[in-house]
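Enquirer:
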Amino acid sequence: MKALIVTHGGVGAPTDMTEGPERAAEEGAKLLSQGKGALEAAIAAAVVLEDDPRTNAGTGSRICIDGKTVEMDAALMTSDGRMGAVAAIRDVKNPILVARGVMDTPHVTLAGEGATAFARFLGFPPYDPTTPAAREFLKKGFERVRAGTVLPHNRAWLDFAKRYPVLPPEGGCDTIGAVARDATGAFAAANSTGGGAMKMVGRVGDSPHFGAGLWAGPAGAVATTGIGEHIIRKLVAKETYDRLAAGATAQEAAEFGVTLLPKEIPLGIVVAARDGHGAATNGTLPIGVRIVE
Ligand code: ASP
Numbered sequence: 036m037k038a039l040i041v042t043h044g045g046v047g048a049p050t051d052m053t054e055g056p057e058r059a060a061e062e063g064a065k066l067l068s069q070g071k072g073a074l075e076a077a078i079a080a081a082v083v084l085e086d087d088p089r090t091n092a093g094t095g096s097r098i099c100i101d102g103k104t105v106e107m108d109a110a111l112m113t114s115d116g117r118m119g120a121v122a123a124i125r126d127v128k129n130p131i132l133v134a135r136g137v138m139d140t141p142h143v144t145l146a147g148e149g150a151t152a153f154a155r156f157l158g159f160p161p162y163d164p165t166t167p168a169a170r171e172f173l174k175k176g177f178e179r180v181r182a183g184t185v186l187p188h189n190r191a192w193l194d195f196a197k198r199y200p201v202l203p204p205e206g207g208c209d210t211i212g213a214v215a216r217d218a219t220g221a222f223a224a225a226n227s228t229g230g231g232a233m234k235m236v237g238r239v240g241d242s243p244h245f246g247a248g249l250w251a252g253p254a255g256a257v258a259t260t261g262i263g264e265h266i267i268r269k270l271v272a273k274e275t276y277d278r279l280a281a282g283a284t285a286q287e288a289a290e291f292g293v294t295l296l297p298k299e300i301p302l303g304i305v306v307a308a309r310d311g312h313g314a315a316t317n318g319t320l321p322i323g324v325r326i327v328e
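With the first letter of the sequence shown counted as 1, position 182 gets the number 217 in the working numbering; the numbers rise by one all the way through.
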């Protein structure tokens, strides 16, 4: 079976960002061509995208509503049922590598301070992922809120803000993800994100939620990007995976998954399956694809 990898730079990310996902896919494909597994390839691709300051993952992650905190979510899942995730982790360069560490513990997910402490235990030094662009993004977000021009899909957050002393999220998504199939036919999915822009401190999105942000099994691997609160409610990754398991092609499953949310809620899905790969979105979704000959 040919190995393959599909990466993305987040729904809503400009299509001129394709170079990042392409480079990430290349890195993953390099490992696949050396006979490495789907998990290693997905991790390597995710690290490239986390280190790309243009993405909302790792370096460049969005800042929370308090104007200073960066909290990141990341997760990994393999077709043989291994799982590892971190949620609301702070002060690390590559949350996906910490999620990989969690896979080797008796737990599935570590969150908050415990996740950061575990990163130190693994030897990852303190790292501030904040970039000037993320600060600028936050400033623009506050300006849009003041001007009352939040996007329609963020309206619920704005209404909530009337009752809770925070402002709503705003802006694009730009989370990153990767799905891979190796030469043995094993699959893996990876997600990493700084979360919805201007989120509340402590908020955890779909990206580390198994079944919502990602799923992998014998039929394939799925990773999603979009507004976490909506993706979680519809279990988008598992629903998409179930289509694959029922015999849909990778592309059919991805297209089905996108119909699970109303068109105005940004959603992107990438799939690796037995028949090949698929990708679908109701917005823009820069992707990279490599098939290893
Ligand atoms: N799904 C992510 C979240 O809600 C955001 C994204 O995909 O861009 O945290």
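Heads up, the beta-carbon is just placed ideally off N, CA and C, and yes, glycines get one too.
So the candidates are D217, G240, G116, A272; which of them puts its Cα closest to the Cα of L66?
Expert: What you label residue 66 is simply residue 31 of the sequence shown in a count that begins at 1. Considering only alpha carbons, the answer is D217.
Enquirer: Please go through the same chain and pick out, in chain order, the residues whose beta-carbon is closer than 8 Å to the beta-carbon of S68, but skip the five residues on each side of it.
Expert: Position 33 of the sequence shown holds residue 68. Here the set comprises A38, V327.
Enquirer: In terms of residue numbering, what span does the alpha helix (DSSP H) encompassing F331 cover?
Expert: Coverage of the chain is limited to positions 36 through 328, which leaves residue 331 absent and any answer about it impossible.
Enquirer: Would you say the segment 145 to 163 touches the segment 213 to 233, given that touching needs at least three Cβ pairs under 8 Å?
Expert: Touching, no.
Enquirer: With DSSP as the reference, please indicate the residues paired to I211 in a beta bridge.
Expert: The count along the sequence shown starts at 1 and reaches residue 211 at position 176. BP columns for I211 point to S227.
Enquirer: Are A272 and T284 close, meaning C-beta to C-beta below 8 Å?
Expert: If you number the sequence shown from 1, residue 272 lands on position 237. If you number the sequence shown from 1, residue 284 lands on position 249. No, these two residues do not count as a Cβ contact at 8 Å.
Enquirer: Run the CB neighbour count on T319, radius 10 Å, all protein chains shown included, and call it buried at 16 or more, exposed below.
Expert: Taking the sequence shown and counting its residues from 1, the one referred to as residue 319 is at position 284. Answer is buried; the Cβ neighbour count reaches 16.
Enquirer: Let me check understanding here. Comparing Cα to Cα, which of A256, I262, A92 lies closest to D115?
Expert: Residue 115 sits at position 80 when you count from the first residue of the sequence shown. Closest option to D115, Cα to Cα, is A256.
Enquirer: Below 8 Å CB to CB, which residues in the same chain sit around T53 once its five sequence neighbours on both sides are set aside?
Expert: The residue labelled residue 53 in the question sits at position 18 within the sequence shown. Closer than 8 Å at the Cβ level, and outside the excluded window around T53, lie G44, P321, I322, G323.
Enquirer: Buried or exposed, going by whether 16 or more other CB atoms sit within 10 Å of the CB of A315?
Expert: Reading the sequence shown from its first residue, position 280 is the one you call residue 315. It counts as buried.
Enquirer: Based on DSSP bridge pairs, tell me the residues matched to V324.
Expert: The residue you call residue 324 lines up with position 289 of the sequence shown. V324 is bridged to V41.
Enquirer: Say the cut is 7 Å; is the CB of V46 nearer than that to a heavy atom of the ligand ASP?
Expert: Translated into the one-based positions of the sequence shown, residue 46 becomes position 11. Yes, Cβ of V46 sits closer than 7 Å to a heavy atom of the ligand ASP.
Enquirer: Looking at the structure shown, is A92 part of a helix, part of a strand, or coil, going by DSSP?
Expert: On the sequence shown, residue 92 is found 57 positions in, with the first residue counted as 1. Three-state DSSP puts A92 in coil, outside helix and strand.
Enquirer: For the ligand ASP, is there a heavy atom less than 7 Å away from the beta-carbon of T144?
Expert: In the sequence shown, counting from the first residue as 1, residue 144 sits at position 109. No, since every heavy atom of the ligand ASP falls outside the 7 Å radius drawn around the Cβ of T144.
Enquirer: Where does P203 land, buried or exposed, given buried means 16+ other C-beta within 10 angstroms?
Expert: Counted from its first residue, the sequence shown places residue 203 at position 168. Residue placement at P203 cannot be trusted, given a pLDDT of 44 that sits under 50; the coordinates are not used to answer.
Enquirer: Among residues of its own chain, excluding the 5 on either side of E61, which ones have a beta-carbon nearer than 8 Å to its beta-carbon?
Expert: In the sequence shown, the residue the question calls residue 61 occupies position 26. Correct list, in chain order: G323, R325.
Enquirer: Considering L111, what are the terminal residues of the alpha helix (DSSP H) in which it resides?
Expert: In the sequence shown, counting from the first residue as 1, residue 111 sits at position 76. Run containing L111: none in the alpha helix (DSSP H); it sits in the beta strand (DSSP E), 107 to 113.
Enquirer: Bridge partners for M118 per DSSP, in chain order?
Expert: The residue labelled residue 118 in the question sits at position 83 within the sequence shown. The partner list for M118 (beta bridge, DSSP) reads M112.
Enquirer: As a quick exercise: from F172, L296, S227, pick the residue whose alpha carbon is nearest that of R268.
Expert: In the sequence shown, counting from the first residue as 1, residue 268 sits at position 233. The candidate whose alpha carbon is nearest that of R268 is L296.
Enquirer: Determine the closest residue to T356 out of S227, V293, A73, with distance taken between C-alpha atoms.
Expert: The first residue shown for the chain is 36 and the last is 328, placing residue 356 beyond what the model contains.
Enquirer: Taking the alpha carbon of D87 as the reference point, which residue from V239, A168, H312 has its own alpha carbon closest?
Expert: The residue you call residue 87 lines up with position 52 of the sequence shown. Residue A168 is the option with its Cα nearest to D87.
Enquirer: Who are the Cβ neighbours of S96 in its own chain at under 7 Å, not counting the five residues just before and after it?
Expert: Mapped onto the sequence shown, residue 96 falls at position 61. Closer than 7 Å at Cβ, skipping near neighbours: V105, M107, P164, A169, G229.
Enquirer: Among A150, P141, T275, which residue has its Cα nearest to the Cα of V306?
Expert: In the sequence shown, the residue the question calls residue 306 occupies position 271. Comparing Cα-Cα distances from V306 to each of A150, P141, T275, the minimum goes to T275.
Enquirer: Taking just the CA atoms, how far does K71 sit from I40?
Expert: Numbered from its first residue, the sequence shown carries residue 40 at position 5. Numbered from its first residue, the sequence shown carries residue 71 at position 36. Approximately 12 Å, taken between the alpha carbons.
Enquirer: Using a threshold of 8 Å, state whether the C-beta atoms of G303 and L270 are closer than that.
Expert: Within the sequence shown, numbered from 1, the residue matching residue 303 stands at position 268. Within the sequence shown, numbered from 1, the residue matching residue 270 stands at position 235. No. Outside cutoff.
Enquirer: So what does DSSP say about I304, is it helix, strand or coil?
Expert: By 1-based counting over the sequence shown, the position of residue 304 is 269. Looking at I304 - three-state DSSP - the assignment turns out to be strand.
Enquirer: Within the continuous alpha helix (DSSP H) that includes V83, where are the two ends?
Expert: Against the sequence shown, residue 83 aligns to sequence position 48. First-last of the alpha helix (DSSP H) with V83: 73 to 86.
Enquirer: Would the beta-carbon of A225 fall within 8 Å of that of G212?
Expert: Position 190 of the sequence shown, counted from the start, is the residue given in the question as residue 225. Position 177 of the sequence shown, counted from the start, is the residue given in the question as residue 212. Closer than 8 Å, so yes.
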